[in-house]
Amino acid sequence: MEFETTHFKRCDLVKAKGRIDSYTAPKLREVLDKVVEGGVFRIVLDMSEVDFLSSSGVWVLLETQKKCKRWNRGQLVIARVHENIQRTLDLAGLRHFFRIYDDVTEAVGAF
Amino acid sequence: MTVKTFASRFENLARIRELVGEAARRAGFNDAEVYDVMLAVDEACSNIIEHAYGGEGHGDIECACEILDHSLRVTLHDWGESFDLERVPDPECDVPLEQLRLRGAGLALMRRLMDDIRFDSSSDNGNTLTMLKHADHAPHDP
Chain Y
0 MEFETTHFKR
10 CDLVKAKGRI
20 DSYTAPKLRE
30 VLDKVVEGGV
40 FRIVLDMSEV
50 DFLSSSGVWV
60 LLETQKKCKR
70 WNRGQLVIAR
80 VHENIQRTLD
90 LAGLRHFFRI
100 YDDVTEAVGA
110 F
Chain V
0 MTVKTFASRF
10 ENLARIRELV
20 GEAARRAGFN
30 DAEVYDVMLA
40 VDEACSNIIE
50 HAYGGEGHGD
60 IECACEILDH
70 SLRVTLHDWG
80 ESFDLERVPD
90 PECDVPLEQL
100 RLRGAGLALM
110 RRLMDDIRFD
120 SSSDNGNTLT
130 MLKHADHAPH
140 DP
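Protein sequence lines, in the order shown, are assigned to chains Y and V.
Counting from 0, one number per residue, gives the positions in the first sequence under numbering that gives the first Met the number 0.
Counting from 0, one number per residue, gives the positions in the second sequence under numbering that gives the first Met the number 0.
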């Protein structure tokens with residue numbers, strides 16, 4: 000997996016590339032933890048180049064969401080999510096925990 | 000029928016997904032159905048590594064794919080500890096985020112992605128998980 004983090008005035012944008020499964024989810028956790036530990040709690044995750052997400056990856060997103068939303072200090076939003084992955088979130092009954100944007104600029108601008 | 004054996008390591012999940020994804024394509028599944036099979040098998044193998052073997056590298060996973068009439072049957076065999084799928088409830092998702100616990104999420108997904116799931120740990124020779132999925136359409140029909 001590859002990650003690229005861009006700092007904006009009001010949020011950080013993390014672009015992930017690859018497949019998120021039990022093997023690669025720890026790397027995603029590491030990258031998102033680094034953002035949160037840096038004091039940024041408004042995060043956009045660009046998933047346009049993520050073509051697989053298992054429950055281990057969903058759990059990393061939910062744990063990050065818990066950290067970001069604590070004391071209403073922010074949230075993790077996800078953008079450009081592949082149809083199969085949106086369907087996974089629906090099937091798991093977990094989609095309502097995330098705001099999902101079709102466009103990264105719109106997601107960044109929403110903060 | 001295609002049968003392959005993999006060491007129970009998370010790094011092998013991609014190869015296992017490729018194997019079942021290829022079988023699903025040969026069975027005539029559409030892209031969404033292929034993804035469903037790959038995800039269900041990925042979740043099943045992650046559970047085997049984590050729960051049956053208690054961690055990586057403690058045994059093998061045998062994966063067999065059998066193409067039936069507009070269906071695919073995937074059979075996973077391991078030699079780890081047995082666990083009763085029926086005793087794992089679906090996670091409660093209609094709760095505040097702070098109270099959310101995801102134990103059982105992989106299994107819940109497997110149940111929803113596949114049409115039939117059976118688990119057999121009655122033999123002395125390990126556990127067998129059989130998952131069946133039907134194609135929603137008949138691709139070769141006129």
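We treat Cβ as the ideally placed atom computed from N, Cα and C, and that holds for glycine.
Being a predicted model, the structure only gives us computed values, none of them experimental.
With distances taken between CA atoms, residue 6 of chain V lies nearest to V:44 out of V:108, V:97, V:44. Between the stretch 81 to 91 of chain V and the stretch 60 to 70 of chain Y, the count of Cβ pairs shorter than 8 angstroms is below three; the stretches do not touch. Among the residues facing chain Y, residue 58 of chain V is not included, as its CB has no counterpart in that chain under 8 angstroms away. Under the rule that a run must span 3 or more residues, the beta strand (DSSP E) segments found entirely inside the stretch 113 to 140 of chain V read 115 to 119, 126 to 133.
Listed in chain order, the alpha helix (DSSP H) elements of length 4 or more contained wholly in the stretch 21 to 81 of chain Y are 24 to 36, 54 to 68. Here the alpha carbons of residue 37 of chain Y and residue 84 of chain V stand approximately 41 angstroms from one another.
Residue 102 of chain Y and residue 78 of chain Y have their alpha carbons spaced roughly 6 angstroms apart.
Taking residue 41 of chain V as the centre and dropping the five residues before and after it, the same chain places the C-beta of 12, 16 closer than 6 angstroms to its C-beta, in chain order. Residue-level contact by beta carbon fails for residue 71 of chain Y and chain V, as no gap is shorter than 8 angstroms. Restricting attention to beta strand (DSSP E) runs no shorter than 3 residues, the stretch 34 to 91 of chain V encloses them at 59 to 67, 70 to 77, ordered along the chain. The three-state reading of DSSP puts residue 110 of chain Y in coil, since its state is none of H, G, I, E or B.
For the 8 angstroms CB-CB criterion, residue 13 of chain Y and residue 23 of chain Y do not form a contact. Residue state for residue 93 of chain Y is assigned as coil, using DSSP reduced to three classes. Look at residue 11 of chain Y here: in three-state DSSP terms it is strand. Considering only beta carbons, the part of the stretch 71 to 99 of chain V lying closer than 7 angstroms to chain Y consists of 92, 96, 97, 99, in chain order. By DSSP's assignment, residue 3 of chain Y forms a beta bridge with Y:14. Separation of the CB atoms of residue 134 of chain V and residue 27 of chain V is rounded to 6 angstroms, and the pair is thereby assigned contact status at 8 angstroms. Nearest CB-CB separation between residue 92 of chain Y and chain V: below the 8 angstroms threshold. A distance of 8 angstroms or more separates the beta carbons of residue 51 of chain V and residue 93 of chain V. For residue 107 of chain V, the three-state secondary structure derived from DSSP is helix.
A straight-line Cα-Cα distance of about 21 angstroms links residue 7 of chain Y and residue 48 of chain Y.
In the DSSP assignment, residue 19 of chain V falls within the alpha helix (DSSP H) that extends over 12 to 25.
Check the Cα spacing between residue 87 of chain Y and each of V:37, V:24, V:118: the tightest is with V:37.
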